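In UniProt numbering, the protein residues as written are 1 to 555. A virtual CB, placed ideally from N, CA and C, is assigned to each residue, including glycine. All figures in this text were calculated on a predicted structure; none of them were measured in a lab.
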């Protein structure tokens with residue numbers, strides 16, 4: 001009987017050890033995962049105490065906790081002697097001989113059957129090789145704690161956070177919030193412009209604004225966006241607007257295409273021709289409405305109608321010639337490209353293809369000009385038939401088309417200005433992206449009054465803006481004057497001598513080359529911060545008058 005109990009006790013110890021090893025692996029894995037989070041804390045936040053002690057304490061505590069948990073759980077769920085005996089019977093196929101001998105009472109053991117069963121169990125127990133069937137095996141679960149250990153090894157190569165890094169992280173978080181705030185503000189304003197464009201029937205502009213809204217959604221939802229990346233994203237959006245603006249054409253291109261209108265005969269459409277020649281579609285729309293009103297009211301004389309007919313024919317002819325010239329130029333350029341490719345001049349072909357792409361960007365403007373020519377042709381035919389009302393309807397339809405074109409151009413320009421303001425909001429330290437007077441462009445030129453700066457009333461002495469004179473008193477008892485002096489010859493003073501040979505012109509050439517290099521390297525300030533629309537139109541008007549050589553008013 002003692003030999004049977006000895007074998008059962010050996011098996012029970014082996015079963016308990018296997019259970020302890022399994023529970024220990026799971027407990028150690030869980031404890032190391034918790035320790036991993038603790039070891040990652042110094043990588044994110046700067047701690048004031050000794051980090052080596054911090055790391056060692058967590059590692060020792062993890063192992064100790066795993067040992068305690070495994071020991072307690074193993075003790076609580078340890079197999080009994082009867083469970084071990086059943087395991088022996090199952091492992092060796094003894095048909096419950098060992099478990100039955102242990103479960104019998106003293107009276108049953110003293111019986112003949114009990115003694116026979118016990119003798120048989122003892123005989124069989126002597127032959128059992130417990131160590132062979134109940135081995136200490138290394139299970140796969142033992143590899144589980146290696147996973148957090150590998151991550152801990154990676155953490156060793158990551159520098160600990162310092163106070164400077166933590167401050168920079170807080171700055172980055174604030175910058176990301178500022179970017180999100182500015183992007184949300186821009187999205188709200190863009191939604192208003194999109195609804196306005198859809199209400200005005202500007203389908204292309206509405207679709208473009210929808211696409212930009214989707215881009216702004218991605219911009220505001222990114223968590224790792226910094227200011228530089230935000231500026232790049234806004235530049236991409238601005239590029240989309242600029243491409244659409246280029247497709248519609250510019251005033252300069254229209255001025256070149258309709259240069260022949262300068263020699264047109266005088267008549268009621270003088271101002272219309274002048275506005276179209278300058279590319280001012282909004283003003284051209286107003287002039288057409290004035291002509292329509294005169295035709296509808298019958299206040300235009302027969303002679304004026306004849307002059308108007310001739311002028312409309314001249315404008316139609318000039319527009320059609322411009323469209324034909326554009327198409328012919330594209331065809332000639334395509335022939336040159338094909339010839340360059342056949343001759344193997346790939347560089348020349350590439351340059352010519354870029355020129356062709358630039359001309360193709362003007363196709364939208366050419367289509368609009370073709371529509372203008374068709375409207376003028378309808379008006380001319382109606383006037384030739386003496387049908388003033390039909391001519392007025394054709395001109396009115398043309399005015400609506402010009403108005404839509406001008407509205408879309410205005411929408412695009414306003415949106416580009418809004419993008420520039422959003423860039424300032426993302427960098428503004430006063431409003432943190434919500435928008436204020438410093439970043440919204442109110443007072444682009446501080447200290448110079450009389451402009452279009454928003455804000456309070458003022459006379460140009462820093463209070464900025466247009467409006468009535470302020471109530472504060474202004475110093476009027478003095479004035480500034482310039483007194484021209486008459487300098488006289490003075491005595492020369494020798495300050496010293498310069499070493500080296502005298503070379504005529506060397507200094508001048510060096511200064512000249514330095515100035516030229518500086519001018520070439522200097523960036524255009526309008527690229528990063530374009531002028532607002534009002535100042536831009538004023539500047540454009542000034543240069544237009546400068547090109548014409550005079551500031552004569554519209555005819």
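The continuous alpha helix (DSSP H) containing residue 209 extends over residues 203–221. DSSP, read as helix, strand or coil, puts residue 25 in helix. The C-beta separation of residue 307 from residue 279 comes to about 24 angstroms, leaving the pair out of contact by the 8 angstroms criterion. Between the alpha carbons of residue 241 and residue 271 lies a gap of roughly 30 angstroms.
Relative to residue 282, the option among 405, 354, 386 whose CA is nearest is 405. Contact between residue 74 and residue 19 holds, with the beta-carbon distance rounding to 5 angstroms and staying under 8 angstroms. Fewer than three beta-carbon pairs drawn from the region 352–360 and the region 286–304 are found closer than 8 angstroms, and the two stretches are therefore not classed as touching.
In the pairwise beta carbon analysis, the region 322–336 is classified as not touching the region 380–394: fewer than three pairs are separated by under 8 angstroms.
A distance below 8 angstroms between beta-carbons, with the five flanking residues on each side excluded, links residue 63 to the following residues of its chain, in chain order: 28, 31. When DSSP states are grouped into helix, strand and coil, residue 198 belongs to the helix group. In this structure, residue 316 lies near residue 377, with their beta-carbon atoms less than 7 angstroms apart. Only residues of its own chain outside the window of five on either side were considered, and among them 213, 216, 217, 220 have a CB closer than 8 angstroms to the CB of residue 187, listed in chain order. When rounded, the separation of the alpha-carbon atoms in residue 222 and residue 176 is 9 angstroms. Collapsing the DSSP output to three states places residue 159 in coil. The alpha carbon of residue 192 has as its nearest neighbour, out of 178, 182, 180, 210, the alpha carbon of 210. Per DSSP, residue 360 is one residue of the alpha helix (DSSP H) stretching across 346–360.
Look at residue 428 here: in three-state DSSP terms it is coil, with no helix or strand label.
Residue 299 counts as exposed, since fewer than 16 other C-beta atoms from the protein chains shown sit within 10 angstroms of its C-beta. Less than 7 angstroms separates the beta-carbon of residue 234 from that of residue 419. Our two residues, residue 154 and residue 343, have alpha carbons roughly 60 angstroms apart in a direct line. In the DSSP assignment, residue 310 falls within the unbroken alpha helix (DSSP H) covering 302–342. Excluding the 5 residues flanking it on each side, residue 399 has same chain C-beta neighbours closer than 6 angstroms at 285, 288, 289, in chain order.
Here residue 232 is exposed: its Cβ has fewer than 16 other Cβ atoms, across all protein chains shown, within 10 Å. When DSSP states are grouped into helix, strand and coil, residue 77 belongs to the coil group.
Taking the C-beta atoms as reference points, residue 320 is found nearer than 7 angstroms to residue 373. Judged by their CB atoms, residue 422 and residue 182 are nearer to each other than the 7 angstroms cut-off. Residue 326 counts as buried, since at least 16 other C-beta atoms from the protein chains shown sit within 10 angstroms of its C-beta. Cα atoms of residue 71 and residue 149: separation of roughly 22 angstroms, rounded to the nearest angstrom.
Residue 196 and residue 411 have their C-alpha atoms roughly 9 angstroms apart.
When the Cα atoms are used, residue 180 and residue 34 turn out to be separated by approximately 34 angstroms. Beta-carbon to beta-carbon, residue 265 and residue 311 are separated by about 7 angstroms, close enough to satisfy the 8 angstroms threshold.
The beta-carbon separation of residue 24 and residue 66, rounded to 6 angstroms, stays under the 8 angstroms limit for a contact. Distances from the alpha-carbon of residue 185 to those of 542, 424, 535 put 424 closest.
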